[in-house]
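Visitor: Numbering (our numbering), first residue to last: 39 to 816.
Could you have a look at this structure, given as structure tokens, before my questions?
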């Protein structure tokens, strides 16, 4: 047995002159296996990534129980809004010389010093972060290390302060240590609903590519095996020799894939996916999965080479193929599809939004099984279709007759396209349904450059700050806004938001139309799950200040019947289901506005970033309270009329489109390899047809139809399967069906382009074998 395998190895790499077909087969097998291994190894590291992140997060957990011999560390969270950036800021001060140091720091920052992670330091030193750096104050003197971060691009800042500034702060925590035992995180089953089909979409076409590449040059290989039979090898020995030949490319691909993983792993930290960057050294696949990959992927290539000989009898004087193939067994194909469909159908027994783990698991497993089952059904569907086709042009008849003789190989290659299309329909439709409101958010014509909330400042200090801002040339206007709540009389638990300001300030929240002092506007609710639409009638102002035993009520005030109604579509998200009132509409009613609900809206003279920086420096320099009691929103639009999810959904759509097109390109390459292989196998009859007067254009169109028919059948199956698995998924998530026709059309169009490209690239070889020299050599 070993001798036979070694003979196969020698024939593959050094057993005489290697032909172009053999070299191409070896290169494609190596490339395909390497690509699969290079993708599987990072995927196998997913648990290692999660465990490493959970371990660091557990090591940073605060211990607030006093410990003997340990001084407290005063910590206070500081929400610093950095626009589109997420900046985690903590104010720290030691309560003694033996205060603990947070993980990731080599020492505690002193007053006026900052410790920043690499991503945070880069942002603060940029032009966009100038205003935030002015707000934080101090200078960066150290770096937050990996132990203090979840992800490589986390923006984390520690601000040094005096113990006296934090000792009496109501939001301060006394910390005596860090670290708790890590808990093993579990994959969110809602995420698994998308991950399972996505994994099938990416991996199955790659595996199809490996099997196709390993069987390339089959005709030449079979003639070589026939020569081996002539020198005395048995049929079993011949199969072992074929396995040895395939093993060369498989092992070379395994080594190349592992090398690519090791070489590219240090670069992973520079790649940002959905706003996340991972530490390169966290990509450590478990040895059990590495061993499984090392056995399964090369085994697939070897198995495909041996499996390709099942309909071939290799004799000493030549190769004989079975003229009539057995009818395909369909029971196992329908079983896989049926089990997947039945599993997903069971979810209809549960109500929408049911958080049952069974529902999520059933959707994830069922969708994966349906995708695999549909790809297995494709060869049977193509065979049944072409067996009933009759007549047509000469090129059509050539393609149909060839598919009638053997359609399985082409169908198996196209099954990669089917999986891509069906999986993309599911994922893109789910993503599109989540973001059905994208682009429907109202935006003001003159948005402010920033909004400032002065937490512990009195009204006189707010007036002082606003006056200083108006005197700055970078600032064109400053307006005062207060926010509170109003509850219907007799229903204190049904309070709704209320914003009080002049017409220009309220115009940043909704499309008011005409507005004068004394007007009241009622904004409708955007969703049924959101706040109820305010109704006219008697009410009372109410506030919920920090540290109070209960709500603080103000004067009675009625929402007038003359209040102007504004649809939710013409207002910002934060204004949905609220009341907007001008000061003149309140009369003598007193509003119990807490300090934390006083806002200043700032407009710039031209450069909003310059206005933001100037307003920040004025504010932190003028208020008497610590700078961490001043809250600044450099980009109020992010909080009011834009949804953070929209940006993530757009990114996800782009990535899914790139993944789909990448896998489509792999499937197209498989189709090209198949076309070249079939031309090589049929070069004698093709040369004879050309010599008989059949134009090259007819043969080229025949090759086109031969590729197009399986693709057309596959597209029909893919659309049906994709819509079938999408329906229960959307029902479970409680989402409306929103089909992304443009995306599906793009992928279907790409499939057509793939067929045309594969056919066009095979034309040079077709032209070569149909020359008279080709017929003479045959």
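From the three backbone atoms N, C-alpha and C, an ideal C-beta is built for every residue, glycine too.
From a predicted model like this one, the values you see are computed outputs, not experimental measurements.
Alpha carbon to alpha carbon, how far is residue 284 from residue 274?
Guide: If you take the alpha carbons of residue 284 and residue 274, they lie about 16 Å apart.
Visitor: Tell me whether the segment 177 to 186 and the segment 149 to 161 touch, counting them as touching only if at least three CB pairs, one residue from each stretch, are closer than 8 Å.
Guide: A contact exists between the segment 177 to 186 and the segment 149 to 161.
Visitor: Report yes or no: is there a C-beta of chain C within less than 8 Å of the C-beta of residue 74?
Guide: Absent from the structure is chain C; it holds one protein chain and no more.
Visitor: Hey, residue 408 and residue 763: beta-carbon distance below 8 Å or not?
Guide: Result yes, Cβ atoms of residue 408 and residue 763 sit closer than 8 Å.
Visitor: Within its chain, find whatever has a CB closer than 7 Å to the CB of residue 190; leave out the 5 residues flanking it on each side and keep chain order.
Guide: 307, 315, 316 and 317.
Visitor: So residue 752 is in the alpha helix (DSSP H); what residue range does that whole segment cover?
Guide: Run containing residue 752: 734 to 771, per the alpha helix (DSSP H) assignment.
Visitor: In the structure shown, what three-state DSSP assignment does residue 646 receive?
Guide: Three-state DSSP puts residue 646 in a helix.
Visitor: When the Cα atoms are used, what is the spatial distance from residue 551 to residue 617?
Guide: Distance between the alpha carbons of residue 551 and residue 617: 16 Å.
Visitor: How would you label residue 679, buried or exposed, when you count the other beta carbons within 10 angstroms and need 16 or more for buried?
Guide: Caution applies to residue 679, whose pLDDT of 38 falls short of 50 and renders its modelled position unreliable; the value that the coordinates give is listed next. Buried, because 16 or more other Cβ atoms sit within 10 Å of the Cβ of residue 679.
Visitor: What residues in its chain sit with their C-beta under 7 Å from that of residue 788, if we drop five residues either side in the sequence?
Guide: Same-chain partners within the cutoff: 699 and 702.
Visitor: Entirely within the segment 110 to 192 and at least 4 residues each: give me those alpha helix (DSSP H) ranges in chain order.
Guide: Counting only runs of 4 or more, we get 156 to 162 and 168 to 174.
Visitor: Are residue 416 and residue 755 closer than 8 Å when you measure CB to CB?
Guide: Going by C-beta atoms, residue 416 is nearer than 8 Å to residue 755.
Visitor: Compute the beta-carbon to beta-carbon distance between residue 174 and residue 112, rounded to the nearest angstrom, for a pair I have assumed lies under 8 Å.
Guide: Between residue 112 and residue 174 the Cβ distance is about 18 Å, and since that is not below 8 Å, they are no contact.
Visitor: Would you kindly work out how many angstroms separate the C-alpha atoms of residue 720 and residue 807, rounded to a whole number?
Guide: Computed Cα separation, rounded: 9 Å.
Visitor: Residue 677 to residue 561, Cα distance in whole Å?
Guide: Note that residue 677 has pLDDT 45, beneath the 50 cutoff, so the model's placement of it is unreliable and the number below is only indicative. So the two alpha carbons sit approximately 17 Å from each other.
Visitor: How big is the Cα-Cα spacing for residue 639 and residue 144?
Guide: Going from the Cα of residue 639 to the Cα of residue 144 covers about 40 Å.
Visitor: Round the Cβ separation of residue 499 and residue 661 to the nearest angstrom and send it over; I've been treating them as touching at under 8 Å.
Guide: Residue 499 to residue 661, Cβ: 6 Å. Contact.
Visitor: For residue 404, which residues in the same chain have their Cβ closer than 6 Å to its Cβ, ignoring the five residues on either side in sequence?
Guide: Excluding positions up to five away in sequence, the list reads 378, 381 and 382.
Visitor: Under the DSSP definition of a beta bridge, which residues are partnered with residue 522?
Guide: Residue 522 pairs with 536.
Visitor: Have a look at residue 741 and residue 429 and give me their C-alpha separation to the nearest angstrom.
Guide: The alpha-carbon atoms of residue 741 and residue 429 are separated by roughly 17 Å.
Visitor: Could you name the residues of the same chain whose beta carbon sits closer than 6 Å to that of residue 323, not counting the 5 residues immediately before and after it, in chain order?
Guide: Correct list, in chain order: 79, 82 and 83.
Visitor: Just tell me which of 300, 214, 467 and 609 has its CA closest to the CA of residue 549.
Guide: Answer by Cα proximity: 609.
Visitor: Would a C-beta distance cut-off of 8 Å place residue 211 and residue 101 closer than the cut-off?
Guide: No, Cβ-Cβ distance for residue 211 and residue 101 is not below 8 Å.
Visitor: Does the separation of the CB atoms of residue 142 and residue 197 fall below 8 Å?
Guide: No, Cβ-Cβ distance for residue 142 and residue 197 is not below 8 Å.
Visitor: Just grab the DSSP bridge partners of residue 637 for me.
Guide: 491 and 519.
Visitor: Along the beta strand (DSSP E) that carries residue 800, what are the first and last residues, could you check?
Guide: Looking at the DSSP string, residue 800 is not in any beta strand (DSSP E); the run it does join, the alpha helix (DSSP H), is 779 to 807.
Visitor: By Cβ distance below 7 Å, which residues in the same chain neighbour residue 303 in space, the five residues on each side in sequence not counted?
Guide: So the list reads 318 and 321, once near-sequence residues are dropped.
Visitor: Taking residue 126 and residue 192 to be in contact with their CB atoms under 8 Å, please state how far apart those CB atoms are, rounded to whole angstroms.
Guide: About 7 Å; that satisfies the 8 Å criterion.
Visitor: If you compare alpha carbons, which of 171, 341 and 463 is closest to residue 780?
Guide: Selected option, being the one with the closest Cα: 463.
Visitor: Under 8 Å Cβ to Cβ from residue 424, same chain only, skipping five residues before and after it: list those, please.
Guide: Only 438, 441, 442, 445 and 747 meet the Cβ criterion.
Visitor: Please name the residue in 645, 547 and 665 whose C-alpha comes closest to that of residue 607.
Guide: It is 547 whose Cα lies nearest to the Cα of residue 607.
Visitor: What did DSSP end up calling residue 510 once you bin it into helix, strand or coil?
Guide: Three-state DSSP puts residue 510 in coil, outside helix and strand.
Visitor: Pairs of beta-carbons, one from the segment 90 to 99 and one from the segment 326 to 342, closer than 8 Å: are there three or more?
Guide: Not touching, per the Cβ criterion.
Visitor: Kindly indicate which residue of 785, 466, 248 and 760 has the alpha-carbon position closest to the one of residue 335.
Guide: Taking only the C-alpha atoms, the option nearest residue 335 is 248.
Visitor: Rounded to a whole number of angstroms, what is the C-alpha to C-alpha distance between residue 362 and residue 722?
Guide: Confidence at residue 362 is low in this model, with a pLDDT of 49, below 50, so its placement is unreliable and the value that follows should be read with caution. C-alpha separation (whole angstroms): 21 Å.
Visitor: Just the C-alpha distance for residue 329 and residue 290, rounded to the nearest angstrom, thanks.
Guide: So the two alpha carbons sit approximately 16 Å from each other.
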